[in-house]
Each structure stands twice: as structure tokens, then as C-alpha cells.
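Throughout, the working numbering is defined as the position within the sequence shown, counted from one, plus 24.
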Amino acid sequence: IPNGHHVNPSSSAPKRVHALLPRLFTLINSLVDCANVEDEVVTDEVVEYLCSLGQEVVYGLLRCIETMVAEGQRDVGRKRLLDRRAEVCQVAAAAVTKAFVDKDRMGTYCHVLTRPYYAIGEERNTAENAIEIAIRVHATDFIADIEVQRCVQALWTGLILQVEDDESRIRFIEYSGLRRSRRNLMDWFDIGRLNVPKYQNNMKIGLFIVFLAMYSFVVNNQAQHPNIIEWLMYVFVCGYIFEEFRLIFEGGTAFFLGSIWHWINIISYSMFMVSFSFRFTASYILTDSIKIGQYNDIAYDLQALLAVFLWVKTLSLLDGNQYFGTMVMVLQKMLKDGIMFFWLLAWVFIGFLQSFYALQRKETKDFNAAFSLLVRGFLQDPDWDVAEDLDNKYGFWVFALYLFLTSIILLNLLIALFNSSYTNITDSSEKEYLALFTFKVFSYLKSPDQFPYAAPFNLIEVFFVIPFSLILSKENYKFLNRVVMGTFFWIPVLSIAYSEQKRYEKLRDTNDDNDMQGGRRRYRHLTLDDISVEDLFMIESNEEVVAAQSAETAVQIANGEEGVAADAVFTGWKSYGPANETFADFQRRRVKENEARAKAAAAAARAEEASSSSDEDERADAAAAAAVASSATAAPAVSEALVQTLLASIARMEERQKEMEALLKQLTVPAEEPASDE
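In C-alpha cells form, the structure reads like this:
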């Protein structure tokens with residue numbers, strides 16, 4: 025099903041989303057009524073109210089951003105106001121995510137950030153999760169939030185898995201591999217780890233390097249007939265083409281075309297197929313030696329031109345690095361800005377081309393000469409003699425005007441656009457890189473495959489494995505895929521097992537209280553925000569610890585496929601406020617609750633004061649009786665002691681009364697007057 029790659033939401037979720045969105049628009053519009061609002065808008069009270077709306081609120085806030093950005097493009101007069109409201113939505117979404125994480129981290133990752141939603145009246149296959157919408161609307165403030173990035177890192181490293189249930193629905197669950205006691209290397213051997221985006225990316229890089237080496241050998245050693253290496257190169261290309269079609273079919277056209285590398289793939293693979301057609305025709309169809317040589321020349325010329333695109337594509341292998349990733353973002357932004365420039369340049373070029381063609385005499389008109397003159401002029405190689413030859417009266421001045429417009433005005437405009445793009449990206453380079461990295465992670469998740477065959481091995485899946493799904497049961501088909509993948513990918517899976525074992529041991533050792541290096545103790549993670557995502561998911565590999573887990577977790581681990589996958593415990597965040605409660609109603613309800621708590625505290629304080637006063641009176645009476653009993657022998661001293669005791673008791677009572685008044689004044693919140701309806 026195209027784009028139907030997520031868990032099917034419950035039937036009530038679209039209704040809740042449909043009812044939630046108008047309430048969120050009303051709240052954001054009331055909080056930000058002008059573009060110059062500089063106060064702290066997203067207060068603790070606003071976050072508390074948003075959390076009370078349910079787990080769909082993060083998705084709803086990002087849907088509000090999408091609508092506001094679209095309205096800002098249509099209504100330029102309100103663009104600043106709508107952009108400010110979109111910024112507030114991002115801040116609110118990040119704050120609500122943090123509040124949800126404090127309650128249930130795993131539930132937030134699997135059911136708030138990665139669970140897809142849609143509203144009533146929308147197609148089910150258009151369901152998206154919160155992070156996908158943030159990528160599409162370029163909500164970098166939300167994407168760069170620490171909890172969102174922890175979720176993305178968990179997806180990237182395989183701590184959260186995307187799996188398919190018995191009903192062919194995709195769901196996100198926690199990887200429980202660290203829960204199990206695994207001491208040997210083969211205990212870590214698991215074909216399912218090939219689903220992890222990080223390892224898919226590593227395999228993709230390795231296979232592309234092999235493909236690039238074969239291409240370099242073929243294009244630099246031109247043979248009369250295709251050899252085995254050239255045929256392997258074409259097999260790689262076919263595998264890559266099948267992979268591109270699968271990405272379009274399962275991830276959607278909009279998401280596919282959102283990356284510059286996919287555009288480069290379209291151009292390069294098209295040239296490869298044209299080159300292959302000429303090469304095949306020359307080798308196996310034609311018999312004329314002259315035509316065979318011509319067709320081979322065309323094929324090798326196209327392959328030689330492909331070097332430009334293939335070596336530029338190697339930058340995609342380095343976009344995991346922050347520096348190169350930022351440069352890729354700058355390149356994408358420059359190309360988008362360059363489209364506007366070249367569109368304007370095209371109209372100027374067409375105007376001057378027609379002018380030079382019309383200035384020529386009818387018997388000497390030369391379109392190629394005029395076209396070449398304008399192109400060379402734009403590339404800073406003007407030929408004034410040709411301009412005068414085309415028309416000795418106006419050719420010089422028309423060509424001078426053309427150079428002034430293109431070389432001085434338009435070219436400086438292009439430089440200014442590129443400089444602006446570079447400055448905008450580098451000023452927020454960290455956020456832009458995180459947005460690019462998140463897009464890269466979800467580019468693997470948008471095309472889920474329970475058995476990922478990397479190109480060109482996907483051809484084996486398409487032609488030899490998938491046909492067996494028509495005759496085999498589901499369990500036997502899984503077994504067949506595991507056998508085939510284990511045969512072809514046992515070396516990558518073994519390296520994955522080794523790396524994960526070493527990483528697990530390193531994390532276990534560095535989290536030990538007795539971690540010593542060079543005679544000094546190494547202290548790690550001084551604050552909660554410094555804890556890495558691996559440490560958050562780290563569970564001691566102890567069978568006793570596993571046995572001590574709750575019964576629910578034990579059942580989930582047992583039901584997981586071969587004990588690898590365990591569902592995240594999800595407590596749920598349901599709306600605990602009254603239905604259709606507005607923010608003003610929420611504030612009034614909170615004021616009443618605070619008043620009730622203040623009155624209860626005051627009553628408890630009065631009871632404590634009364635008890636303390638009775639104790640003081642009893643002590644004062646006892647002191648007075650003792651003073652009267654001894655007054656016969658020491659009358660002056662007894663009178664003075666009695667007076668001091670009574671004065672001290674009165675002073676303590678006055679101090680308690682002042683403390684109670686101050687406490688009541690602090691706890692009592694004046695009720696707001698209800699807003700009058702217009």
C-alpha cells in the first residue's frame with residue numbers, strides 16, 4: 025500500500041485529532057495576538073493544559089505549524105504574525121514532549137513522536153507521525169530538541185525497532201537485546217539487526233564503493249565487448265533502480281524528491297540505461313563495424329560524463345559528519361535559490377537572443393552565432409568582433425547592455441543570494457545538520473522492509489524469493505528469507521554482532537562506579553541532559569535482573585520474535601480535563617483548585633495553632649502554680665518569673681498568628697473575573 029507504512033491508528037484517534045486541532049488554533053491565536061510578542065508565552069500553565077489534551081497534542085501542534093506556514097505564503101501581510109505563532113508551536117511541542125518523557129520515556133518515543141495520526145475526512149494512507157511533519161515543514165527548533173534527538177538516535181542505532189506485526193502493520197518497539205544475558209559472540213548474531221538504519225547505511229556505503237571501483241575500471245579500460253565486470257556494474261545499476269522505485273512506491277513522491285541525492289540518482293541512472301542500450305545494441309544486434317564503433321563511442325561518452333554525478337554523490341556518504349552535512353544543506357539551499365536566478369536569466373537571454381537574430385540581415389542570419397555570443401559573454405569571454413559582425417550599427421551597444429545586465433547586475437544578485445544562503449545555514453548549522461540527519465534516518469524508515477536486501481541483492485529478493493511467498497506459509501517464508509540473508513550477509517551480520525558486543529561491554533565498564541583511568545576516577549554524566557541515548561537504554565546483562573522484571577515485560581519479551589523485540593510499556597496520556605475545555609476554563613478551574621488547597625492548608629494550620637496554644641497555656645498555668653507555691657519564701661523572684669513566663673507565651677502566640685496570616689496571603693490566589701462573551 026503506497027505510504028501505508030505505519031501502524032493503523034485506532035478508530036477514535038481521528039475523531040480526537042479532528043476535535044483537537046481547532047482548540048489548538050484557538051489557544052495559539054490567543055497567546056500570540058501580534059507579531060511583536062516577546063514575553064514568555066509557553067508557561068508552565070500552558071504546558072500543563074496542553075498535556076491534559078492527550079497524546080495527540082504534539083502531532084496537533086506540528087499540524088498547526090504546517091497550516092500557518094501555508095497561510096503565511098498566501099497572505100504576506102500576516103506572514104510575520106504567522107511565523108511567530110509557528111515558533112511558539114515549536115516551543116510548545118518541545119515542552120510537552122519533555123513533560124511526557126518525564127512520565128514515560130519509552131511510551132513517548134513509540135506512541136507520541138513516532139505514531140502516525142490523521143483526522144476525520146483524511147485518507148488513512150496520509151497518516152504521519154510528529155517527526156515526519158517536522159521534517160516536512162522544516163521545524164528545526166523542534167527537531168533539535170534533546171528528547172526528539174534521543175528518539176532519532178534510538179531509531180538510528182536500533183534501540184527502537186520498526187517491526188511488522190501479524191496484520192502487516194508497522195509498529196515501533198523497544199529492542200530488548202540488552203536485557204538478555206549474552207556472553208559469546210554468536211549470541212549476538214541476529215539477522216534482524218540488518219533492519220537498523222545505521223547498519224543499512226554502512227552496507228550501502230560499502231556496496232557503493234565497490235560499484236564505484238567497477239565503474240572506474242570499466243570507463244578507463246574500454247573493451248570491444250562487455251566483460252564480467254561491466255555486466256556486474258549493470259547489475260548494480262538495475263538493483264539501484266529497483267531500490268529507487270521501492271522508495272517512491274512506499275515513501276511517497278514528495279518525500280523522495282525532498283533530497284538532492286535522489287535527483288542526482290534519477291539523472292545518473294537514466295544515463296546509465298541509455299549507455300547500456302547503446303552498448304548492448306553495438307555488441308549483440310549490429311553487424312556493421314562502423315556503426316558498432318559509433319555506438320560504442322556514444323556509450324562510453326555517456327559513461328564518462330557520469331563520473332561528474334557519481335563522484336559528487338560520494339558526498340552523500342559523508343553527510344553523517346556535521347561539517348559535510350552542513351555543506352550539503354548549503355548546496356541544496358543554493359540550488360533552490362539559483363532556480364529563481366536562472367529563471368530570470370532565461371527571460372533576459374531569450375530577449376537578447378531574439379534581438380541579435382532579428383538584427384542580422386535575412387541572407388546572413390545565423391542562430392548559432394548569436395547563441396554562442398551570448399553564452400560566451402555570460403561566461404566572461406565576450407567577443408566584440410562577432411557582435412559587430414552580426415550588426416555593425418547596433419551590435420556593439422546591444423551586446424554591451426547585455427553584459428551590463430548579466431555580468432554586473434544579475435551575477436552580483438546570484439552572489440548575494442548564495443551568500444545569504446550560506447549565512448542562514450551556518451548561523452544555525454547545528455539545527456540544520458540535525459534536520460538533515462533526521463531526514464536521513466526516516467528515509468530508511470519510510471521504506472520499511474522486514475527483510476532488507478541491499479542493492480544489488482534486492483534483485484535476488486524480487487526474482488527468486490518473493491515468488492515463494494505465494495506458496496509458502498508466513499513462518500516458512502520468514503525462514504526462507506533468514507536462510508538467504510544469512511548466506512549472503514553473514515559477514516556484515518557477524519561484524520554487527522562484534523561491534524554491538526564491544527559497545528555493550530564498553531558501556532557496562534564505563535558506567536561502573538569503579539571506572540578508573542590513569543589512577544584517577546572518571547566522572548560521567550553530571551546532569552540528566554548529558555546522558556547518551558545508549559546509557560538511557562542500558563540494562564544490566566544479568567539473568568537475575570531479567571527475572572526480576574514485571575510480569576508484563578516478561579510476557580512482551582517472550583512474545584517478541586526470538587526474544588529480540590519487546591513492546592514498549594505504554595501507560596497512555598488520556599485527556600483528564602472536561603470535554604471541550606478551553607484554556608480560560610482551565611485557568612479558572614486551576615484557580616478554584618488552588619483556593620481549595622489554600623483553604624485546606626489554612627484549616628490545618630488553625631488546628632495546629634489551637635493545639636499549640638493549649639499546650640502553651642498548660643505550661644504557663646503550671647509555671648504560675650509553681651510560682652505561687654514558692655511565693656512565701658521568695659516573693660520578689662516569683663513575681664518576676666511569672667510575668668516573664670506570661671509575656672513569652674503571649675509573644676509566641678502573636679508570632680504564630682503573623683505566620684498564619686502570611687501563609688494565607690501567599691496561598692490565596694484572587695479569582696479572575698470570567699471573560700464576557702462578545
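The beta-carbon is built from N, C-alpha and C at its ideal position, and this holds for glycine as well.
> Can you name, in chain order, every residue of its own chain whose Cβ lies under 7 Å from the Cβ of phenylalanine 513, other than the five neighbours on each side?
Replying inline: Leu218
> Does DSSP classify glycine 596 as helix, strand or coil?
Replying inline: Interpretation of glycine 596 is limited by its pLDDT of 44, a score under 50 that renders its predicted location unreliable; the figure taken from the coordinates is listed afterwards. Coil at glycine 596, not helix or strand.
> Secondary structure at valine 161, three-state DSSP: helix, strand or coil?
Replying inline: coil
>> So, at 8 Å on beta carbons, what are the nonlocal neighbours of leucine 504 in its own chain, with the 5 sequence-adjacent residues on each side left out?
In response: Val489, Phe492 and Leu496
>> With the cut-off set at 9 Å, would you say methionine 684 and alanine 631 are in Cβ contact?
In response: no
> Closest to isoleucine 439 by CA distance: which of Phe365, Arg385, Phe481 and Asp407 is it?
Replying inline: Comparing alpha carbon positions, the residue from Phe365, Arg385, Phe481 and Asp407 closest to isoleucine 439 is Phe365.
>> Between the alpha carbons of arginine 506 and tyrosine 477, how many angstroms are there, rounded?
In response: 11 Å
>> Looking at asparagine 153: is its Cβ nearer than 9 Å to the Cβ of arginine 174?
In response: no
>> For the alpha helix (DSSP H) containing tyrosine 426, name the first residue and the last one.
In response: 419 to 427
> With distances taken between CB atoms, is the gap from aspartate 361 to serine 299 smaller than 9 Å?
Replying inline: no
> With a CB to CB cut of under 6 Å and the five nearest residues on each side skipped, what residues in its chain are close to glutamate 69?
Replying inline: Nothing listed; no residue qualifies.
> If you draw a straight line from the C-alpha of isoleucine 449 to the C-alpha of phenylalanine 395, how long is it?
Replying inline: 37 Å
> Quick one, which of Lys616, Ala608 and Arg612 has its alpha-carbon nearest threonine 50's?
Replying inline: Ala608
> Beta-carbon of histidine 135 versus every beta-carbon of chain C: anything under 9 Å?
Replying inline: Within the model displayed, chain C is absent; a lone protein chain is all it includes.
> So which of Leu687, Asp57, Gly510 and Ser673 has the shortest CA-CA distance to aspartate 214?
Replying inline: Gly510
> Just to confirm, are phenylalanine 383 and leucine 414 a CB contact at a threshold of 9 Å?
Replying inline: The sequence given here places leucine at residue 383; phenylalanine does not occur at that position. For leucine 383 and leucine 414, yes; Cβs fall inside 9 Å.
>> Within the continuous alpha helix (DSSP H) that includes glutamine 404, where are the two ends?
In response: Here glutamine 404 belongs to no alpha helix (DSSP H), and DSSP marks it neither H nor E.
> Among all the DSSP beta bridges, which residues are the ones paired with glutamine 186?
Replying inline: Phe196
> Helix, strand or coil for tyrosine 745 per DSSP?
Replying inline: Missing from the structure shown is residue 745; the chain here goes from 25 to 702 and no further.
> Skipping 5 residues on each side, what residues in its chain have a beta carbon closer than 8 Å to that of leucine 552?
Replying inline: The predicted position of leucine 552 is uncertain, since its pLDDT is 47 and thus under 50; a value taken from the coordinates is nonetheless stated next. For leucine 552, where only same-chain residues beyond five positions count, there are no Cβ hits under 8 Å.
>> Give me the residue from Arg385, Met92 and Arg527 with the minimum Cα distance to arginine 109.
In response: Met92
> Whose C-alpha, out of Leu179, Trp335, Asp169 and Phe304, is nearest the C-alpha of alanine 237?
Replying inline: Trp335
>> I need the DSSP call for glutamate 152, collapsed to helix, strand or coil.
In response: strand
>> List, from N- to C-terminal side, the alpha helix (DSSP H) runs of 4 residues or more that fit wholly inside the stretch 330 to 400.
In response: 346 to 383
> Can we say the stretch 280 to 295 touches the stretch 337 to 351, given the rule of at least three CB pairs closer than 8 Å?
Replying inline: Cβ pair count under 8 Å is three or more, so yes.
> Where isoleucine 52 and alanine 459 are concerned, what is the direct C-alpha to C-alpha distance, given to the nearest angstrom?
Replying inline: 25 Å
> serine 663 by DSSP, collapsed to three states: which one?
Replying inline: For serine 663, the pLDDT reaches just 49, beneath the cut-off of 50, and the residue's location in the model is therefore unreliable, leaving the point undetermined.
> Between which two residues does the alpha helix (DSSP H) containing methionine 509 stretch?
Replying inline: 498 to 512
> Got a sec? Which residues, its chain only, sit under 8 Å from methionine 210 by beta carbon, not counting five neighbours each side?
Replying inline: Around methionine 210: Ala521.
> Would you call leucine 368 buried or exposed, if buried means 16 or more other Cβ atoms sit within 10 Å of its Cβ?
Replying inline: exposed
>> Tell me the DSSP secondary structure of glutamate 267 in three-state form.
In response: helix
> Roughly how many angstroms separate the alpha carbons of glycine 182 and isoleucine 233, rounded to a whole number?
Replying inline: 24 Å
> Helix, strand or coil: which one does DSSP assign to threonine 50?
Replying inline: helix
>> If I measure Cβ to Cβ from phenylalanine 296 and keep anything under 6 Å in the same chain, skipping five residues before and after, which residues do I get?
In response: Val261
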